[in-house]
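Trainee: Start counting the sequence shown at 7; every next residue gets the next number (my numbering). Virtual Cβ for every residue (Gly too), placed ideally from N, Cα, C. First the structure, which I've put down as structure tokens, then a few questions once you've had a look.
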Amino acid sequence: MEAAQIRRKKDGRINIKVGNKVDQVVTWTLFILTILTIVAFVLFNYTGLNIKSAITETAHNLNMMFLHPAISHFSMEEAIYQMVITLGLAFLATLIGAVIAFFLSLMAATNLSNKWTVRIVRVVVAIIRAVPTVLWVLIFAIAAGLGSEAAILGMLFHSVAYLVKAFSEAFEEVDKGIIEALQATGANWWHIVTRGVLPSTFTYLLSWVFLRFEINFGVAVAMGAAAGAGGIGFELFMASGFYFDLKEVGFITYGILIIAFVLEVISTRLKKRYFPANSN
Numbered sequence: 007m008e009a010a011q012i013r014r015k016k017d018g019r020i021n022i023k024v025g026n027k028v029d030q031v032v033t034w035t036l037f038i039l040t041i042l043t044i045v046a047f048v049l050f051n052y053t054g055l056n057i058k059s060a061i062t063e064t065a066h067n068l069n070m071m072f073l074h075p076a077i078s079h080f081s082m083e084e085a086i087y088q089m090v091i092t093l094g095l096a097f098l099a100t101l102i103g104a105v106i107a108f109f110l111s112l113m114a115a116t117n118l119s120n121k122w123t124v125r126i127v128r129v130v131v132a133i134i135r136a137v138p139t140v141l142w143v144l145i146f147a148i149a150a151g152l153g154s155e156a157a158i159l160g161m162l163f164h165s166v167a168y169l170v171k172a173f174s175e176a177f178e179e180v181d182k183g184i185i186e187a188l189q190a191t192g193a194n195w196w197h198i199v200t201r202g203v204l205p206s207t208f209t210y211l212l213s214w215v216f217l218r219f220e221i222n223f224g225v226a227v228a229m230g231a232a233a234g235a236g237g238i239g240f241e242l243f244m245a246s247g248f249y250f251d252l253k254e255v256g257f258i259t260y261g262i263l264i265i266a267f268v269l270e271v272i273s274t275r276l277k278k279r280y281f282p283a284n285s286n
């Protein structure tokens with residue numbers, strides 16, 4: 007929030023000085039991080055470091071990865087199948103998470119629930135959201151064993167907490183007049199949700215769900231190896247950590263980038279369709 011300081015000059019004119027506290031915090035944070043980075047580079051032990059050799063080898067590795075992509079340990083059909091598995095993991099976690107989050111967010115919205123229920127739900131989801139998705143996946147991997155179940159449960163937990171916050175904020179933006187008009191007609195709580203709140207926020211909910219799906223796709227790639235969930239992430243881990251096949255790493259990376267690009271195009275078209283005023 008902007009804090010305005012009003013000062014009166016000697017000639018009677020008023021000078022208004024506006025200072026943005028958020029900008030100041032960001033500026034000082036970046037300044038301190040810059041200083042720490044410089045100090046770290048100065049104190050770093052450069053003994054045995056051959057910069058010329060490091061640059062040459064890095065350039066060679068990048069050349070092999072991105073200019074000569076190829077597959078050698080699985081076929082194209084298997085690559086497509088593993089990509090579908092990764093998309094399936096992300097889709098299931100997002101779909102189930104969206105359904106659960108919808109009902110929880112109704113209890114977390116201040117205009118649809120009492121204050122104690124709102125506080126309890128928000129505290130719980132805040133705690134869940136504070137724990138990284140990777141850690142949730144590892145927790146469930148220990149509890150339920152390695153596999154797709156652990157990956158889905160871990161992504162599901164974080165997806166629910168993420169979407170509850172997004173959905174509840176969207177519900178709170180609903181015009182109070184709509185809710186009051188429905189209450190005046192004798193509509194019950196569920197009718198207010200289905201007839202007033204949901205139609206007014208459906209496009210926003212759809213946008214948030216698709217955004218979370220994009221996030222879960224990236225997490226599913228990372229969790230393919232960490233939780234033993236399979237998918238293209240596991241193949242990437244095997245190619246880089248076991249086979250040391252840079253060409254195959256490059257091929258898989260291109261495949262992941264293509265899927266991410268397709269998801270971004272779909273997201274952009276959805277925004278243009280449902281939010282034409284905000285897509286310009």
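1. Would you report the Cα separation of VAL31 and ALA99, rounded to the nearest angstrom?
2. Could you tell me how far apart the beta carbons of THR254 and ALA76 are, in whole angstroms, since I believe they sit closer than 8 Å?
3. Would you say ALA266 and PHE223 are within 9 Å of each other, going by their C-beta atoms?
4. What's the C-alpha gap between GLY202 and LYS171?
5. Measuring CA to CA, which of ILE272, VAL268, GLY239 is closest to PHE257?
6. Which residue from GLU179, GLY103, HIS197, ALA176 puts its Cα closest to that of HIS164?
7. Entirely within the segment 151-226 and at least 4 residues each: give me those alpha helix (DSSP H) ranges in chain order.
8. Counting beta carbon pairs with one atom in the segment 183-192 and one in the segment 123-139, are three or more of them shorter than 8 Å?
9. In the DSSP assignment, find the unbroken alpha helix (DSSP H) run with VAL105 in it and report its ends.
10. Look at LEU118 and VAL48 and say whether their C-beta atoms are less than 9 Å apart.
11. Just checking PHE216 against the ligand PLP - is the residue's beta carbon closer than 8 Å to any of the ligand's heavy atoms?
12. Determine contact between the segment 141-152 and the segment 79-96, defined as no fewer than three beta-carbon pairs at a distance below 8 Å.
13. Determine the closest residue to ALA226 out of GLU241, THR53, SER213, with distance taken between C-alpha atoms.
14. What's the gap between the Cα of GLU178 and the Cα of TRP122?
15. Once DSSP output is grouped into helix, strand and coil, what is the label at ALA10?
16. Does the beta-carbon of TYR168 have 16 or more other beta-carbons within 10 angstroms, so that it is buried, or is it exposed?
17. Can you find the residues in the same chain that come closer than 6 Å, C-beta to C-beta, to HIS74, ignoring five residues on each side of it along the sequence?
18. Going straight from the alpha carbon of PHE80 to that of LEU39, what length do you get?
19. Got a sec, what are the start and stop residues for the alpha helix (DSSP H) ASN67 sits in?
20. Quick one: grab the DSSP three-state call for ALA76.
21. When the Cα of SER260 is compared with those of ASN51, HIS197, LEU68, PHE50, which residue comes out closest?
22. Alpha carbon to alpha carbon, what distance is there between THR35 and VAL166?
23. Kindly indicate which three-state DSSP category VAL137 falls into: helix, strand or coil?
24. Could you check what DSSP says for GLY247 in three-state terms: helix, strand or coil?
25. If you draw a straight line from the alpha carbon of SER273 to that of ILE57, how long is it in whole angstroms?
26. According to DSSP, is THR40 part of a helix, a strand, or is it coil?
27. On the three-state DSSP scale, how would you describe LEU118?
28. Contact check, GLY160 vs THR139 under 8 Å by CB: the rounded distance?
29. For the putative contact between PHE219 and ALA107, defined by C-beta atoms under 8 Å, what is the C-beta separation to the nearest angstrom?
30. Assign GLY230 to one of three DSSP states: helix, strand, or coil.
Mentor: Taking the geometry as given:
1. 36 Å
2. Per the sequence presented here, residue 254 reads as Glu, with Thr not at that position. GLU254 to ALA76, Cβ: 7 Å. Contact.
3. yes
4. 20 Å
5. Selection ILE272, VAL268, GLY239 evaluated against PHE257 yields GLY239 as nearest (Cα-Cα).
6. GLY103
7. 154-178, 182-190, 195-198
8. no
9. 82-114
10. No; because the gap between Cβ atoms is not below 9 Å, this pair is not in contact.
11. By its list of ligands, the structure shown contains no ligand whatsoever, and the ligand PLP lies outside what it can speak to.
12. No: the two stretches stay apart, fewer than three of their Cβ pairs being nearer than 8 Å.
13. Closest option to ALA226, Cα to Cα, is GLU241.
14. 16 Å
15. For ALA10, the predicted model reports a pLDDT of 44, less than 50, meaning its position is unreliable and no value from the coordinates is stated.
16. buried
17. LYS253
18. 44 Å
19. 57-72
20. coil
21. Residue identity differs from the one stated: residue 260 is Tyr in this sequence, not Ser. Taking only the C-alpha atoms, the option nearest TYR260 is LEU68.
22. 31 Å
23. coil
24. helix
25. 42 Å
26. helix
27. coil
28. 6 Å
29. With a Cβ gap of about 13 Å, PHE219 and ALA107 do not count as contacting.
30. Correct three-state label for GLY230: helix.
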